[in-house]
Every structure is written in structure tokens, then in C-alpha cells.
Amino acid sequence: MFSCRAAAILISESLDHPLSWTQRFSLRFHLVICRVCRRYRRQVVGLNILAQRYLTQSAPVPFADDALSPKEKDRLILRLRQAQAAEKKPESP
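Using numbering that gives the first Met the number 0, the first residue of the sequence shown is number 0, and each one after it goes up by one.
Structure (C-alpha cells):
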């Protein structure tokens with residue numbers, strides 16, 4: 000039996016790329032018998048459509064280069080570099 004968890008994964012993957020015929024068949028068969036997954040699919044597809052519509056219709060947010068003072072920029076850069084250095088250090092046993 001094809002699980003709802005597997006169906007949810009395939010529903011999400013189907014938005015990104017075409018599914019193989021076996022995946023499509025398994026998903027369609029599951030959707031015939033599972034009302035909850037049909038509802039989930041409608042919701043996911045609807046959210047995807049809304050997100051695409053929002054991204055194509057909304058104006059880009061202008062980048063304000065002067066939003067941070069030079070001192071704040073330097074402090075932010077320093078913290079980012081410290082975080083990168085901490086990630087690169089191997090943990091001691």
C-alpha cells in the first residue's frame with residue numbers, strides 16, 4: 000500500500016519536475032482512494048499558484064544601500080567572518 004507520506008512527497012516533487020510513469024500511476028491510484036491526500040494536493044497546488052502569481056505581479060523591493068551605517072556594516076561583516084571561521088574549525092574530541 001502506498002502511504003500518505005510517500006504521496007505527499009510525490010505531490011511536492013510533481014511541482015518541481017515531471018514524475019516517472021510509475022510514480023504518476025502510484026500517486027493517482029492513491030489519490031483515488033485517499034480523500035485527505037486529494038485535499039492536500041489541492042492546497043499545495045493552490046499555494047504554488049498563489050506564490051507564482053505573487054512573484055510575477057509584485058514589484059521588486061528596492062535595495063537601500065544606505066540602510067546600514069558604515070560602522071554597522073563593518074560589525075556585520077566581522078560577525079559573518081567569525082561565524083564562517085567557527086564553521087570551518089574541526090571539533091575537538
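Where is the CB? At the ideal position from N, CA and C, for every residue including glycine. In this text, all values refer to a predicted model and were calculated from it rather than measured experimentally.
Beta-carbon proximity of residue i to residue j, cut-off 7 Å
i: Leu26; j: Leu9; result: yes
i: Leu30; j: Arg41; result: no
Residue range of the unbroken alpha helix (DSSP H) whose run includes residue i
i: Leu9; result: Cys3 to Asp15
i: Leu77; result: Pro69 to Lys87
Residue closest to residue i, alpha-carbon to alpha-carbon, out of the options
i: Val44; options: Ala82, Gln83, Arg78 and Leu14; result: Leu14
i: Ser2; options: Thr21, Cys33 and Ser11; result: Cys33
i: Ala6; options: Phe28, Arg78, Trp20 and Pro17; result: Phe28
i: Ser11; options: Leu77, Tyr39, Trp20 and Phe24; result: Tyr39
i: Arg4; options: Ser19, Val35 and Gln51; result: Val35
Would you list, in sequence order, the uninterrupted alpha helix (DSSP H) runs of no fewer than 4 residues that lie entirely inside the segment 20-52? 20-32
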